[in-house]
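In what follows, a single structure is set out as structure tokens and then discussed.
There are 2 protein chains.
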Amino acid sequence: MRSYDEYCAAARALDVVGDRWTLLIVRELALQGPCRYTDLRNGLPGIATNLLAQRLRELERAGVVAREEAPPPIATTLFRLTARGEELRPVLAELVRWGMPLMTEPRPADAVRSRWLAWALEFMLTDRDPARPPTVIELRTGDEQIAVEAGGGAVHVRLARAEHPDVTLSGPPMPIMGVVLGLLDVAAAGSHGVTIDGDPRALARVGGPGAPAAPADVI
Amino acid sequence: MRSYDEYCAAARALDVVGDRWTLLIVRELALQGPCRYTDLRNGLPGIATNLLAQRLRELERAGVVAREEAPPPIATTLFRLTARGEELRPVLAELVRWGMPLMTEPRPADAVRSRWLAWALEFMLTDRDPARPPTVIELRTGDEQIAVEAGGGAVHVRLARAEHPDVTLSGPPMPIMGVVLGLLDVAAAGSHGVTIDGDPRALARVGGPGAPAAPADVI
DNA sequence: CAGCATCCGCTTTGATACTG
DNA sequence: CAGTATCAAAGCGGATGCTG
């Protein structure tokens, strides 16, 4: 990218990470940890391969990304964030917080990766009833299962099958996110293609910032 | 900007503010408050005028910027951030924090605006001796004077002449930022073109995160 | 003068094909 | 797997001109 030529911290940051695709490459490395070129491409649907190669070179030069030749039996190049690159996490976090309201607008052509959804939920969800015993919610949308575990005031979101979920949601990403965040009524979720297995009251355990007081109690 | 077509909060945020110049336009509106097209251009040296007009239209459509026709005697169009636009402040703040280390690399061709420097200092400076009576530092670099006021554990940075500064720094932006943040030794500042008027010990009152324990005490 | 729109040359990006 | 090569399309930068 051409420099903005400004003696300003924000402008200098954008000189490094302001290019198209650049922050999304950092996102993938932040979410996946050290990974191969192919893994990055899979997490960045639509990127031109020459562009990915070019961006990785630039990020390496800027000290944000490091490449290492993994020894056998892996025997491949791994890309990972440097310490300086890890420091971009707060930037990504604020971007996610700001972008969450935009997730409610439907756009069927969008690519979906469960790790993006899990990542966003990690920032947004809170335990709304810390005194009660732990609750586990499983989400089946996107390319992998998501386990939402609430207990003791904390919520953890992992990319994995839940062992014994109290409730399982299956269906399209948008209404599922709506239900988990407490923005879409559980009763109305069915008409949006969401299937609910287990105890729907477990969904009231977690919620996002904009959710009403006790959405699932409406049932 | 062409959409990334991803159902991801970060990608959707970048669909709105990821274009070249866009976040810097938001920066100017965040720093200046409601202002005219001309004021924006002055704060964005190098932007093509058609691009500024196009970005403002896009930001208006996205609900980030609003335009209002100011009544006489102003009689001009004012651009301002909407509530949604204000919510981008944390994103800019994290970007500034990440970009600060890049400010130490000299690039003489860079444009300088005192409000950019003041803004960055606001995020980085802390009062290192809250018990002592208030200290005022005046910076003369860039296009306006900057008043740094430390007292009671807080540091405020304003674009204004200080009334009775304990110390005044004049000179090029980079070494002045270095001295105030505690990264450049006061004794060495002179050789970088910095003139110090008043009591240099007042500079030890404030410092940035990376500063040694008591930089000015070396004198 | 403030607030744009138009035109044109250059750079960046996107899509696809190809390679060690 | 991890890229490079090629080329068309879109975006950007700079200059200029228009309008209230």
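Residue numbers (our numbering), protein chains in the order written: chain A, 1 to 219; chain B, 220 to 438.
Where is the CB? At the ideal position from N, CA and C, for every residue including glycine.
Source: prediction; values computed, not measured.
Buried versus exposed call for residue i [16 or more other C-beta atoms within 10 Å across all chains shown]
i: B:Ile244; result: buried
i: B:Asp385; result: buried
i: B:Gln316; result: Looking at the sequence itself, residue 316 of chain B is Arg, so the reference to Gln does not match. Flag for B:Arg316 reads buried.
i: A:Met1; result: exposed
i: B:Arg231; result: buried
i: A:Arg113; result: buried
i: A:Pro175; result: buried
i: B:Thr241; result: buried
i: A:Pro215; result: Low per-residue confidence applies at A:Pro215: pLDDT is 48, beneath 50, and the placement is therefore not dependable, though the value from the model is reported in the following sentence. Classification for A:Pro215: buried.
i: A:Ala70; result: exposed
i: A:Arg158; result: exposed
i: B:Asp238; result: buried
i: B:Pro449; result: The requested residue 449 of chain B is not part of the displayed model; chain B covers only 220 to 438.
i: B:Glu247; result: buried
i: B:Gly429; result: exposed
i: B:Val236; result: buried
i: A:Ile219; result: The predicted model places A:Ile219 with a pLDDT of 36, which falls under 50 and marks its position as unreliable; any figure quoted below should be read in that light. A:Ile219 should be labelled exposed.
i: A:Arg61; result: exposed
i: B:Asp418; result: exposed
i: B:Arg351; result: exposed
i: B:Pro392; result: buried
Separation of residue j from residue i, as counted between CA atoms
i: B:Arg420; j: B:Pro292; result: 47 Å
i: B:Ala302; j: B:Ala249; result: 11 Å
i: A:His192; j: A:Ala150; result: 25 Å
i: B:His375; j: B:Leu422; result: 14 Å
i: B:Gly318; j: A:Asp110; result: 31 Å
i: A:Leu44; j: B:Asp224; result: 10 Å
i: A:Gly85; j: A:Met103; result: 26 Å
i: B:Ala408; j: B:Met343; result: 20 Å
i: A:Pro90; j: B:Glu313; result: 6 Å
i: B:Ala272; j: B:Ile266; result: 10 Å
i: A:Val64; j: A:Leu81; result: 6 Å
i: A:Arg36; j: B:Thr354; result: 53 Å
i: A:Val186; j: A:Thr195; result: 10 Å
i: B:Gln364; j: B:Gly252; result: 19 Å
i: B:Gly426; j: B:Arg359; result: 18 Å
i: B:Leu270; j: B:Asp258; result: 15 Å
i: A:Ala120; j: B:Cys227; result: 8 Å
i: A:Leu181; j: A:Trp116; result: 15 Å
i: B:Thr345; j: B:Ala373; result: 7 Å
i: A:Asp217; j: A:Arg205; result: Annotation note: pLDDT 43 at A:Asp217 (below 50); position unreliable, coordinate value reported separately. Their backbone Cα atoms lie some 10 Å apart in a straight line.
i: A:Ala162; j: A:Val148; result: 8 Å
i: B:Ala294; j: B:Arg286; result: 13 Å
i: A:Arg142; j: A:Gly178; result: Arg is not the amino acid found at residue 142 of chain A; the sequence shown has Gly there. Roughly 15 Å between the two C-alpha positions.
i: B:Ser222; j: B:Arg347; result: 46 Å
i: B:Ala337; j: A:Leu88; result: 22 Å
i: B:Leu388; j: B:Asn261; result: 25 Å
i: B:Leu402; j: B:Gly390; result: 16 Å
i: A:Thr77; j: A:Ala160; result: 26 Å
i: A:Leu56; j: A:Thr49; result: 11 Å
i: B:Pro325; j: B:Pro431; result: 22 Å
i: A:Glu122; j: B:Leu278; result: 28 Å
Strand pairing of residue i, partner residues [DSSP]
i: A:Gln54; result: None, per the DSSP bridge assignment.
i: B:Phe298; result: B:Cys254, B:Arg286
i: B:Asp346; result: B:Val425
i: B:His375; result: B:Glu368
i: A:Ser170; result: A:Arg140, A:Thr195
i: A:Ala111; result: B:Glu225
i: A:Thr135; result: A:Ala150
Query raised in the report: Looking at chain A, which residues of the stretch 300-313 of chain B have a Cβ within less than 7 Å of any of its Cβ atoms?
Result: Listed by position along the chain: Glu306, Leu307, Pro309, Val310, Leu311, Glu313.
Query - Length-filtered (4 minimum) alpha helix (DSSP H) runs lying within the stretch 180-208 of chain A - result: 186-189
Requested in this report: Please list the residues of the stretch 220-231 of chain B that have a C-beta atom closer than 9 Å to any C-beta atom in chain A, keeping them in chain order.
Outcome: Met220, Arg221, Ser222, Tyr223, Asp224, Glu225, Tyr226, Cys227, Ala228, Ala229, Ala230, Arg231
Query raised in the report: Along the stretch 96-108 of chain A, what residues have a CB closer than 9 Å to any CB found in chain B?
Result: Val96, Arg97, Trp98, Gly99, Met100, Pro101, Leu102, Met103, Glu105, Arg107
Query raised in the report: Going along the chain, which residues of the stretch 265-297 of chain B sit with their C-beta nearer than 8 Å to a C-beta in chain A?
Result: Gly265
Report task. Please list the residues of the stretch 409-429 of chain B that have a C-beta atom closer than 7 Å to any C-beta atom in chain A, keeping them in chain order. Result -> Along the stretch 409-429 of chain B, none of the residues has a CB nearer than 7 Å to a CB of chain A.
**Report entry** Residues, ordered as in the chain, of the stretch 240-262 of chain B that lie near chain A by beta-carbon distance below 7 Å
**Finding:** Residues of the stretch 240-262 of chain B with a C-beta atom less than 7 Å from some C-beta of chain A are Leu242, Leu243, Arg246, listed in chain order.
Query raised in the report: Taking any Cβ of chain B, which residues in the stretch 136-159 of chain A have a Cβ under 9 Å from it, in chain order?
Result: Listed in sequence order: Gly142.
Query raised in the report: Which residues, in chain order, does the stretch 377-392 of chain B contribute to contact with chain A at a C-beta distance below 7 Å?
Result: So the list reads Pro392, given in the order they occur along the chain.
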